[in-house]
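Residue numbers for the sequence shown follow the working numbering, so the first one is 312 and each next one is one higher.
Read through the structure below, which is laid out as structure tokens, and then see the notes.
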Amino acid sequence: AIVVSRFNEFITAKLLAGAIDCLRRNGAADEQISVAWVPGACEITQAAKKLAQSGKYVAVLCLGVVIRGQTCHYDYICQQVSRGVGQINYDSAVPAIFGVLTCETLEQAVERAGTKMGNAGADSALTAMETVSVLEQI
312 AIVVSRFNEF ITAKLLAGAI DCLRRNGAAD EQISVAWVPG ACEITQAAKK
362 LAQSGKYVAV LCLGVVIRGQ TCHYDYICQQ VSRGVGQINY DSAVPAIFGV
412 LTCETLEQAV ERAGTKMGNA GADSALTAME TVSVLEQI
């Protein structure tokens, strides 16, 4: 399953497209890919937790973008989301993959959404597939 934040959608949509393309190229059928859109980065973990607990998915990708502004809000959001995704991994046998870009600038985010620095959504999909494989072998 994929949880994606609607905030900064012009970037998160590219992360989502990269993740879906990667999953398809590696054999996932469309009916195996579920996407849940949430309003912002803070809401990612609640949806991801519910998807992980559902028993329907082998992994949950968490995609979003947080860009530093002029206040400390950025720091709180980044901490909350990273801790939340980590907590899902502690509480569940279903891996939750942290694919949330935490960038200093808009340019950094764009670069990681399919331009200079690759596509972090595709990278997250690869991480999910490898993690699932490792867990199946343990």
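Just so it is clear, CB atoms sit at the ideal spot from N, CA and C, and this is done for glycine as well.
A quick note: this is a predicted structure, and the numbers were derived from the prediction, not measured.
Taking a contact to require three or more Cβ pairs closer than 8 angstroms, the stretch 404 to 414 and the stretch 373 to 382 qualify as touching. Shown here for residue 327: same chain residues with a beta carbon closer than 8 angstroms to its own, the five before and five after excluded, namely 313, 315, 346, 374, 432 in chain order. Contact check between the stretch 388 to 395 and the stretch 414 to 423: fewer than three CB pairs, one atom from each, fall below 8 angstroms, which does not count as touching. The beta carbon of residue 348 sits closer than 7 angstroms to the beta carbons of 315, 317 from its chain, once the five residues preceding and following it are set aside; these are given in chain order. Taking the Cα of residue 325 as reference, the smallest distance to any Cα among 427, 421, 448, 440 is reached at 421. Taking 3 residues as the minimum length, the beta strand (DSSP E) runs contained wholly in the stretch 375 to 425 are 407 to 414, in order along the chain. In the DSSP assignment, the residues bridged to residue 371 are 407.
Partner residues in the beta bridge of residue 430, as assigned by DSSP, are 424.
Beta-bridge partners of residue 331 (DSSP): none assigned. By the neighbour-count definition (other C-beta atoms within 10 Å, threshold 16), residue 449 is an exposed residue. Counting along the chain, the unbroken alpha helix (DSSP H) around residue 363 starts and ends at 355 to 364. Of the candidates 426, 407, 329, 429, 407 places its Cα closest to the Cα of residue 442.
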